[in-house]
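**Student:**
In my numbering, the protein residues as written are 217 to 379.
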């Protein structure tokens, strides 16, 4: 049974491939499948270009998000965060996303009064550890009041009571 197959790839390149690592009855099907795709070098070149474009898009998106989060922080008088430079940058975006989502869900779409929201916002201003905002980035808007309450309660440093 033949193990070396000549593949004419979709990109126009031709190469001999050793398909001996496949069962004999799978080799012809694999050779046809490979022929419908670009060769490895062309695939890598295309994906490296895609990866570079994706990285550039992501950098631009992060810069836009950062600018929006910093403008929001200034507008709503949010204090500076504490932590490493990298953590602070990320946490500013997280804080903005968490609080903006909570405001939309609780006040705009929900039945939370503006005065209740302002009290919640005041509690949020007291949490300045960047790591806390990063940790809460996946929490739901309905959990925010409890999380901020736990973070700002000096009498109870953890949720777990001492037994």
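By construction, the Cβ of each residue, glycine as well, lies at the ideal position given by its N, Cα and C atoms.
Expressed to the nearest angstrom, what Euclidean distance is found between the alpha-carbon atoms of residue 322 and residue 259?
**Tutor:** Spanning the two alpha carbons is a distance of roughly 48 Å.
**Student:** According to DSSP, simplified to helix, strand and coil, what is residue 345?
**Tutor:** If DSSP states are grouped into helix, strand and coil, residue 345 belongs with the strands.
**Student:** For residue 243, report the span of its alpha helix (DSSP H) as first-last.
**Tutor:** Residues 243 to 251.
**Student:** Which residue's Cα is closest to the Cα of residue 425: 228, 243 and 232?
**Tutor:** As shown, the chain starts at 217 and ends at 379. That puts residue 425 outside it, with no answer to give.
**Student:** Shortest alpha-carbon distance to residue 227 belongs to which of 239, 245, 241 and 261?
**Tutor:** It is 261.
**Student:** How about the region 303 to 319 and the region 260 to 277: do they share at least three Cβ pairs that are nearer than 8 Å?
**Tutor:** The region 303 to 319, when compared against the region 260 to 277, does not touch it at the 8 Å Cβ threshold.
**Student:** By the 10 Å Cβ neighbour count, where 16 or more other Cβ atoms means buried, how is residue 349 classified, buried or exposed?
**Tutor:** Buried, because 16 or more other Cβ atoms sit within 10 Å of the Cβ of residue 349.
**Student:** The beta strand (DSSP E) with residue 232 in it runs from where to where?
**Tutor:** Start and end: 230 to 234.
**Student:** By alpha-carbon positions, which one of 279, 360, 275 and 265 ends up nearest to residue 308?
**Tutor:** Ranking 279, 360, 275 and 265 by Cα distance to residue 308 puts 279 first.
**Student:** Name the two residues that bound the continuous beta strand (DSSP E) containing residue 320.
**Tutor:** Residue 320 -> no beta strand (DSSP E), and no H or E assigned at all.
**Student:** To the nearest angstrom, how far is the alpha carbon of residue 345 from that of residue 293?
**Tutor:** So the alpha carbons of these two residues sit roughly 16 Å apart.
**Student:** I'd like the span of the alpha helix (DSSP H) that includes residue 280, first residue to last.
**Tutor:** 256 to 291 is the span of the alpha helix (DSSP H), which, as asked, contains residue 280.
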